[in-house]
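In order, the protein sequence lines correspond to chains A and B.
Per my numbering, the very first residue in the first sequence carries number 115; after that it's consecutive.
Per my numbering, the very first residue in the second sequence carries number -4; after that it's consecutive.
By construction, the Cβ of each residue, glycine as well, lies at the ideal position given by its N, Cα and C atoms.
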Amino acid sequence: SAVISQKPSRDICQRGTSLTIQCQVDSQVTMMFWYRQQPGQSLTLIATANQGSEATYESGFVIDKFPISRPNLTFSTLTVSNMSPEDSSIYLCTGGGDAYNEQFFGPGTRLTVL
Amino acid sequence: AQSVAQPEDQVNVAEGNPLTVKCTYSVSGNPYLFWYVQYPNRGLQFLLKYITGDNLVKGSYGFEAEFNKSQTSFHLKKPSALVSDSALYFCAVREKDDKIIFGKGTRLHILP
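Here is the structure:
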């Protein structure tokens, strides 16, 4: 199984600012995925990040709001830009690429926007 | 697109009784199905998966799930519930591009 770590684990931010979340996987993975979990809700996929290409965003999510980088096969970042209180969520990343393996999640980043 | 449905927002079970958390799926082709659990203020933990093979899949913490193709279901079960099983449970399906799509979740309460 893969071990996922994220930084920061939590943050409290002011409206209008941006936060970059880092995700590190302990093994190389083809794809990395970013999810959002709003309070009391399920996980919603934000985007898929492949190395060397632009991320693919799900409906309702745009690059200007959630820019993603994927510089290598073990690392990715998600930036939450121009934050508002509605962005308060847990943000989780995971890695995948093998159709027969489950995806493992890190503890996530708990973001509160004031 | 693939999807899963969890018809129950909450399930209450007395400690020691068997528990079932329901999940139905809608997929084209062979389904890759998963169950995850989320304990309060903790990350998402993988419980078990069905890819192919035996319809009864055994996972972590004594949980198992039964894949039923005719009923398009993948219910999570445990013979004897523990208070520590109280958590939020997610059924999930893997799409062909490896994205995982989650159900809305079922909150399981085990009553002492």
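In the three-state reduction of the DSSP assignment, PRO199 of chain A falls in the helix class.
Straight-line measurement puts the Cα of ASP201 of chain A at about 35 Å from the Cα of ILE46 of chain B. Of all residues in the region 214 to 226 of chain A, only TYR214, GLU216, GLN217, PHE218, PHE219, GLY220, PRO221, GLY222 place a beta-carbon less than 8 Å from a beta-carbon of chain B. The C-beta of TYR56 of chain B has fewer than 16 other C-beta atoms within 10 Å across all chains shown, which makes the residue exposed. Proximity of GLY24 of chain B to chain A, defined by a Cβ-Cβ separation below 8 Å, is not satisfied. Taking a beta-carbon distance threshold of 8 Å, ILE95 of chain B counts as an interface residue toward chain A. Distance between GLY48 of chain B and ASN63 of chain B, taken at the CA atoms: about 12 Å. Looking at the DSSP output, ALA161 of chain A bridges to A:TRP148, A:TYR171. Taking C-beta atoms as the reference points, ILE126 of chain A and THR208 of chain A fail to come closer than 8 Å. Nearest CB-CB separation between GLY48 of chain B and chain A: not below the 8 Å threshold.
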